[in-house]
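Here's the structure we're looking at; comments come further down.
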Amino acid sequence: MLLLAALALRVGWALSLPDSGRDALRDLPDQLEYFDLAQSIADGAVMHFTDPRFEQDVYAYRTPGYPVFLALTGPDLRLARLLQALIDTSTVLATYLLARRWLAVGPSLLAAAFTAFNPFLVYFTGLALSETLFTALLAWGAAGLAWSTGDLRRAWPAILGAACLALSAIVRPSALLLAIALPMVMPIGWRRRAVITVAAVACLTALFAPWAMRNERLLGRAVLATTNGGITLYDGFNPAATGASDQSFVQRMPELQAMNEVERSDYLESLGWRFISERPLEAMRLGVVKLARTWSPIPLSAEFGRPLYQVIGIAYALPLYVLIILGLWRRGLPWGVVLFLVAPAIYFSLVHVMSVGSLRYRVPVEPLLCVIAGAAVQGRRASALEAA
852 MLLLAALALR
862 VGWALSLPDS
872 GRDALRDLPD
882 QLEYFDLAQS
892 IADGAVMHFT
902 DPRFEQDVYA
912 YRTPGYPVFL
922 ALTGPDLRLA
932 RLLQALIDTS
942 TVLATYLLAR
952 RWLAVGPSLL
962 AAAFTAFNPF
972 LVYFTGLALS
982 ETLFTALLAW
992 GAAGLAWSTG
1002 DLRRAWPAIL
1012 GAACLALSAI
1022 VRPSALLLAI
1032 ALPMVMPIGW
1042 RRRAVITVAA
1052 VACLTALFAP
1062 WAMRNERLLG
1072 RAVLATTNGG
1082 ITLYDGFNPA
1092 ATGASDQSFV
1102 QRMPELQAMN
1112 EVERSDYLES
1122 LGWRFISERP
1132 LEAMRLGVVK
1142 LARTWSPIPL
1152 SAEFGRPLYQ
1162 VIGIAYALPL
1172 YVLIILGLWR
1182 RGLPWGVVLF
1192 LVAPAIYFSL
1202 VHVMSVGSLR
1212 YRVPVEPLLC
1222 VIAGAAVQGR
1232 RASALEAA
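Note that the sequence shown covers residues 852 to 1239 in this note's numbering.
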């Protein structure tokens, strides 16, 4: 019933949105980029889009994971949204299975319910952005790793989990190191951890080696991730930085027009590191601001500026945060399990200290944190039984 409710909520949201093709995406440039990348793939061309800021075709600004998914739909926005509704509903199931590895049915259902009615997960199913697909791959990857409890001959759930984590990295390249780090903190024996970590590295190599070779052929450099790294770093560390994303600085830097995407990324990356080295205290202040933006219970980004969105955001986040704190305080889970569940939150917090802070960067790790919230209920029941 919970899965059906989650699916109905997401499908209803998807069907309520306008379907006018590319024109429906103009308010969010990231969506336009993904749509154009998907269209180039569907047309049989080399994956690329035209960056209007530089009037230049770019070929490695995004990794191919999400554009390929979008291209498989046509790209058709209505079909993509409906598929994302189904994928996001699967995240609810993954949360439940992950929780059941350590919790009873009731607490596991609570964890799944928090994921099912997460307003921002629902919201992102209606956007042509990578959040929905990435969140599902991360949740299923963690669930696969969690259920690897047998000997090495029965490690197939963890192998599938490692493959999901590798796929999540090709969808969102900032997760590249997480796909290796998460198997390393699995709450199992070191031998099985080593085997699963090697499997994760093998999956990553199989995905990223062809991508790097393709970029070497097109750009003259084997770009492993994207050419988006430099502009992202400078977005987070420049004299006008606020902690939020604001790339309007490109309009004040005419020298960027004469560069290709690789040169532009290198140049902006060098400026970002120079800012950090010359103004370390300001860089630290910006890091704190980014953390606060990412984990604020009240949405702070412009697209969530309406009071209704803020009320919904705080109504969801505050109970979840309280239960997470209770779950940690009451020690309803072993510390090794807690580390496994919070590792993605710690990882992405550190990653986005080095870029920009936004609610959208914490949403993918919330299903894992919901398991800790469920442990708050488990801990209370366990304490009552012990007292009796």
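Note that CB positions come from ideal geometry on N, CA and C, so glycine has one too.
Contact annotation: R1072 and V1113 have beta-carbon atoms nearer than 7 Å. Counting only runs of 3 or more residues that sit fully inside the stretch 859-904, the beta strand (DSSP E) segments are 900-902, in chain order. Per DSSP, the unbroken alpha helix (DSSP H) holding D1086 starts and ends at 1080-1087. In the structure shown, D939 adopts helical secondary structure according to DSSP, grouped into three states. For the options S1206, G1164, F905, T1056, the alpha carbon positioned closest to that of R1103 is the one of F905. One alpha carbon belongs to E1067, the other to P1061, and they sit about 10 Å apart. C-alpha of P970 to C-alpha of L954: approximately 24 Å in a straight line. Between A987 and S941, the CB-CB gap stays under 7 Å.
Partner residues in the beta bridge of Q907, as assigned by DSSP, are D902. Under the three-state reduction of DSSP output, N1066 falls in the helix class. Between P1038 and G1225, the gap from beta carbon to beta carbon reaches 7 Å or more. For Q1098, no alpha helix (DSSP H) encloses it, and the DSSP letter there is neither H nor E. In this model, D870 and P1131 are separated by some 47 Å (Cα to Cα). When the five nearest sequence neighbours on each side are left out, the beta carbons in the same chain lying within less than 6 Å of the beta carbon of G1138 are those of V1204, in order along the chain. With contacts defined by Cβ atoms closer than 7 Å, R952 and A997 form a contacting pair.
Considering only A993, S1152, S999, P1008, the residue with the shortest C-alpha distance to L1016 is A993.
Across the structure, V973 and W864 are spaced so that their CA atoms are roughly 7 Å apart. Assignment of alpha helix (DSSP H) within the stretch 1150-1198, counting only whole runs of 4 or more residues, yields 1158-1180 in chain order. The C-alpha of V862 lies about 20 Å from the C-alpha of G1164. Taking C-beta atoms under 8 Å as the contact rule, G1087 and S1206 qualify, at a distance of about 5 Å. The criterion of a C-beta distance shorter than 7 Å is not satisfied by A859 and C1221. In the structure shown, A1091 adopts coil according to DSSP, grouped into three states. Taking C-alpha positions only, N1079 is separated from A967 by approximately 32 Å. Cβ-Cβ distances below 6 Å link P1148 to I1165, A1168, L1169 in the same chain, with the five nearest sequence neighbours on each side left out; the list follows chain order. The alpha carbon of P926 has as its nearest neighbour, out of A893, L948, Q907, the alpha carbon of A893. If you draw a straight line from the Cα of T1083 to the Cα of V956, it is about 42 Å long. Between the C-alpha atoms of T901 and A889 there is a straight-line separation of about 13 Å.
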